[in-house]
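**Q** Below you'll find the structure I mean.
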Amino acid sequence: MAAQTASPGRNQRMAVEPGKIRNVAVVGHRGTGKTSLVEAMLFQAGATNRLGVVEAGSTVSDWDEDEQKRQMSLAASVCNLEWQGRKINLVDTPGDAGFQGDAIAALRVVEGALFVLSAVMGVEVQTSRLWQRAEEHDLSRVLFVNMLDRERADFFRALESARAQLSDRCVAIHLPIGAEHELTGIVDLLHMCAYMDPEGQRESGPTDIPAELQDQVNEYREKLLDAVVETDEGLMERYLDGQELGVEEVAHALKEAVTRGEVFPVACGVASKNLGTTALLDLLVEGVPSPAKKGEPVEIPNTKIAAFVFKTIADPFAGRINVFRVLHGTVGGDANLVNLRTHGKERIGQVLVLQGKDHTQTPELSTGDIGAVAKLKDVATGDVLLDHEEPVELPKIDFPEPVMSFAITPKAKGDEEKMAAGLRRLAEEDPTIQLRRDQQTGEQLLSGLS
Ligand SMILES: Nc1nc2c(ncn2[C@@H]2O[C@H](COP(=O)(O)OP(=O)(O)O)[C@@H](O)[C@H]2O)c(=O)[nH]1
Ligand SMILES: [Mg+2]
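Structure, rendered in structure tokens:
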């Protein structure tokens, strides 16, 4: 599906320089619209030419057959798009607690996290857990209150839940125009403009803020300014002096504050109708630091090339695919790298750029970029590939411990080997799954999250 809808423009023929990359993990509770939002961003940026729907199994990101059947993401999916001359790598993650391994691994390799909240539910259990993780990794965070069109949706209640349960430095950067089924658009408080509901079409350019919203817009613009000037002494002095601050200088100060993780802007919209996508993409480009600015998420000294494998796909056709982030240097096809864990040599055949299930070849990827490689000999999630052997410690992804175990046996006798192969593949894809044989009973035990 993705192969037909993706535009040829996204084929990456050259390495993208680290200053022009934004890596963003899309996280949140299950069912908040993460996959739909990724779909909207790909569509708005022109990486696809239609807006896929989760229920129809037509999104770029939920490409697995099981995902389409269950209408939910079971594994992380990597996509990319171009916006304002920047390459944005999006890692859409599953929100379900049982599949949180992929979300945890994704937060290890990005500079920014996009937290998607439902305007009906506000902050939920998984939102808070992942917020904690993002905090540990010192990530820039942007929130998106989705589903403004649903019955009982309330942006302001969701905003308050974020301020109370996540951080009081969460501040509205967008406001809804109308509510529930009478929602007609959103206001961008930073650039002081509005976007009207495109109803699933591409969003058109900004328009004027409706006059009847002026009081509310002024109130929330002031709250935004208060939060921003607090992070910038020079601006604070002038603000207290009663001077008018320009849109550009506020935008600049906000960008710095978001980059440093001192302000968490709260955007809003309707992912399934593509409302709010333009302002959100602008915010990601402006607020999330590039790999050049932020530095490496995992430091490996004394090497020219280092790549960190944060996900493994056991593809029945292409074989094992390892998804990695380049920590530093350039990873090109035909490179010979060493696996820090096994000390084995691995030859990189072709470097791949991922768009959901769709892969295209690229000659090389530079520092900070995310890509994949197929058919390596023995590479697993958490491995580091280097240009030469170096006695450094392997970085750890802090996966949660299994919470339950089952003893399993094949339905038919004689299928033991087939079952074992299937289970090994499962464990390879999901590092929170563990397999072992019980010494006493000889039973095969499968442990994992619930
Ligand atoms: N009304 C409404 N439905 C939405 C919106 N965004 C997503 N949905 C629907 O909500 C369900 C869950 O969306 P999905 O993107 O799979 O959520 P995820 O689990 O966070 O990836 C799907 O049925 C979507 O079509 C929205 O903004 N408004
Ligand atoms: Mg999803």
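For the sequence shown, our numbering assigns the number 305 to the initial residue and increments by one for each residue that follows. Even glycine gets a Cβ: it sits at the ideal position worked out from N, Cα and C.
1) In three-state DSSP terms, what is I408?
2) Tell me, to the nearest whole angstrom, how far the beta carbon of N640 is from that of R651; I am working on the premise that it is less than 8 Å.
3) Helix, strand or coil for M318? Go by DSSP, reduced to three states.
4) Could you tell me the alpha carbon to alpha carbon distance between G746 and R740, rounded to whole angstroms?
5) Quick check: does the Cβ of N450 come within less than 6 Å of any heavy atom belonging to ligand 1?
6) Can you tell which of D442, V320, N450, M318 has the C-alpha that lies nearest to the C-alpha of H333?
7) Leaving out five residues on either side along the sequence, give the residues of the same chain with a beta carbon under 7 Å from the beta carbon of E321.
8) Just tell me which of P593, V567, G538, I712 has its CA closest to the CA of N760.
9) Is K700 helix, strand or coil by DSSP?
10) Is it the case that the Cβ atoms of R473 and F347 are separated by a distance below 7 Å?
11) If you follow the beta strand (DSSP E) that T616 is part of, which residue opens it and which one closes it?
12) Between which residues of its own chain and G565 is the CB-CB distance below 8 Å, once the five residues before and five after are set aside?
13) Which residues does DSSP list as the beta-bridge partners of L346?
14) I think A571 touches H478, with their Cβ atoms under 8 Å apart; what is that distance to the nearest whole Å?
15) In three-state terms, what does DSSP make of Q388?
16) Report yes if the C-beta of T339 is less than 6 Å from at least one heavy atom of ligand 1; otherwise report no.
17) Can you tell me which residues form a DSSP beta bridge with N578?
18) Would you tell me roughly how many angstroms separate the C-alpha atoms of D702 and V635, rounded to the nearest one?
19) Nearest to A583 by alpha carbon, out of A410, W435, A498?
20) Which parts of the region 591–666 are runs of the alpha helix (DSSP H), unbroken and 4 residues or longer, counting only runs that do not cross its ends?
21) Find out if the Cβ-Cβ distance for the pair G591, V562 is shorter than 7 Å.
22) Assuming G405 and D734 make a contact with CB atoms under 8 Å, what is their CB distance in whole Å?
23) Would DSSP call E668 helix, strand or coil?
24) Relative to the alpha-carbon of S377, which residue among C383, E386, S365 has its alpha-carbon at the smallest distance?
25) Can you tell me which of the three DSSP states D442 falls into?
26) Three or more C-beta pairs under 8 Å: does that hold for the region 665–682 against the region 593–603?
27) With three or more C-beta pairs closer than 8 Å as the rule, is the region 380–389 touching the region 344–361?
28) Sort I490, M708, E732 by Cα distance to P510 and report the nearest one.
29) Look at the Cβ atom of A575, then the Cβ atom of A379, and state whether they are nearer than 7 Å.
30) Who does M500 pair with in a DSSP beta bridge?
31) Shorter than 6 Å, the distance from the beta carbon of S422 to the closest heavy atom of ligand 3, or not?
32) Identify which residue in G660, K391, H556 has its Cα closest to the Cα of E369.
33) By the 10 Å Cβ neighbour count, where 16 or more other Cβ atoms means buried, how is S432 classified, buried or exposed?
34) Going straight from the alpha carbon of T535 to that of K527, what length do you get?
35) Take the Cβ of D755 as the centre, count every other Cβ of all protein chains shown within 10 Å, and call the residue buried at 16 or more, exposed below.
36) Rounded C-beta distance between L494 and Y524? I'm assuming under 8 Å.
**A** To lay it out plainly:
1) Locating residue 408 in the sequence shown gives position 104, where the first residue counts as 1. Under the three-state reduction of DSSP, I408 is assigned to helix.
2) In the sequence shown, counting from the first residue as 1, residue 640 sits at position 336. In the sequence shown, counting from the first residue as 1, residue 651 sits at position 347. Going by Cβ atoms, the distance from N640 to R651 rounds to 5 Å, so yes, they are a contact pair.
3) Taking the sequence shown and counting its residues from 1, one reaches residue 318 at position 14. In the structure shown, M318 sits in coil (DSSP, three-state: anything other than H, G, I, E or B).
4) In the sequence shown, counting from the first residue as 1, residue 746 sits at position 442. In the sequence shown, counting from the first residue as 1, residue 740 sits at position 436. Distance between the alpha carbons of G746 and R740: 10 Å.
5) Numbered from its first residue, the sequence shown carries residue 450 at position 146. For N450, the shortest separation between its Cβ and any heavy atom of ligand 1 lies below 6 Å.
6) Within the sequence shown, numbered from 1, the residue matching residue 333 stands at position 29. It is N450.
7) Counting from 1 along the sequence shown, the entry for residue 321 is found at position 17. Excluding residues within five positions, the ones whose Cβ falls inside 7 Å are S670.
8) Residue 760 is absent from the structure shown; the chain starts at 305 and stops at 754.
9) As a first step, residue 700 is located in the sequence shown; it is residue number 396 there, counting from the start. Correct three-state label for K700: coil.
10) On the sequence shown, position 169 is the one that residue 473 refers to. On the sequence shown, position 43 is the one that residue 347 refers to. No; because the gap between Cβ atoms is not below 7 Å, this pair is not in contact.
11) Translated into the one-based positions of the sequence shown, residue 616 becomes position 312. Run containing T616: 610–619, per the beta strand (DSSP E) assignment.
12) As a working note, residue 565 is residue 261 in the sequence shown. Sequence-distant Cβ neighbours of G565 in its own chain, meaning closer than 8 Å and more than five residues away, are D442, L443, S444, R445.
13) Within the sequence shown, numbered from 1, the residue matching residue 346 stands at position 42. Bridge partners of L346: none, in fact.
14) The sequence position of residue 571 within the sequence shown is 267, counting from 1. The sequence position of residue 478 within the sequence shown is 174, counting from 1. Contact holds; Cβ gap of about 5 Å.
15) Taking the sequence shown and counting its residues from 1, one reaches residue 388 at position 84. In the structure shown, Q388 sits in coil (DSSP, three-state: anything other than H, G, I, E or B).
16) Within the sequence shown, residue 339 is the residue found at index 35, counting from 1. At a cut-off of 6 Å, the beta-carbon of T339 counts as near ligand 1: some heavy atom of the ligand is closer than that.
17) For the purposes of this step, residue 578 is taken as the residue at position 274 of the sequence shown. Beta-bridge pairing links N578 to no other residue.
18) Reading the sequence shown from its first residue, position 398 is the one you call residue 702. Reading the sequence shown from its first residue, position 331 is the one you call residue 635. Cα-Cα distance, rounded: 26 Å.
19) Taking the first residue of the sequence shown as position 1, residue 583 is located at position 279. Nearest to A583 by C-alpha distance, out of A410, W435, A498, is A498.
20) Within the region 591–666, the complete alpha helix (DSSP H) segments of 4 residues or longer fall at 595–598, listed in chain order.
21) As a working note, residue 591 is residue 287 in the sequence shown. As a working note, residue 562 is residue 258 in the sequence shown. In this structure, V562 lies closer than 7 Å to G591 by Cβ.
22) Within the sequence shown, residue 405 is the residue found at index 101, counting from 1. Within the sequence shown, residue 734 is the residue found at index 430, counting from 1. Right, the Cβ-Cβ distance comes to about 5 Å (below 8 Å), so this counts as a contact.
23) Counted from its first residue, the sequence shown places residue 668 at position 364. It is a strand residue.
24) Reading the sequence shown from its first residue, position 73 is the one you call residue 377. Checked all of C383, E386, S365; the closest Cα to S377 is S365.
25) Residue mapping note: residue 442 aligns to position 138 of the sequence shown, counting from 1. Coil.
26) These segments touch.
27) Yes, the region 344–361 touches the region 380–389.
28) What you label residue 510 is simply residue 206 of the sequence shown in a count that begins at 1. Cα-wise, what sits closest to P510 is I490.
29) Counted from its first residue, the sequence shown places residue 575 at position 271. Counted from its first residue, the sequence shown places residue 379 at position 75. One thing to note: A575 has its Cβ no nearer than 7 Å to the Cβ of A379.
30) What you label residue 500 is simply residue 196 of the sequence shown in a count that begins at 1. Residue pairing for M500: DSSP places it in a beta bridge opposite G489.
31) Judged by which ligands are present, ligand 3 is missing from the structure shown, whose ligands are ligand 1 and ligand 2.
32) As a first step, residue 369 is located in the sequence shown; it is residue number 65 there, counting from the start. If we check each option's Cα against that of E369, G660 comes out closest.
33) Position 128 of the sequence shown, counted from the first residue, corresponds to residue 432. With fewer than 16 Cβ atoms within 10 Å of its Cβ, S432 is classed as exposed.
34) Taking the first residue of the sequence shown as 1, we reach residue 535 at position 231. Taking the first residue of the sequence shown as 1, we reach residue 527 at position 223. Straight through space, the alpha carbons of K527 and T535 are spaced by roughly 13 Å.
35) No answer is possible for residue 755: the residues shown for the chain start at 305 and end at 754.
36) The residue you call residue 494 lines up with position 190 of the sequence shown. The residue you call residue 524 lines up with position 220 of the sequence shown. So it is not a contact: roughly 11 Å between Cβ atoms.
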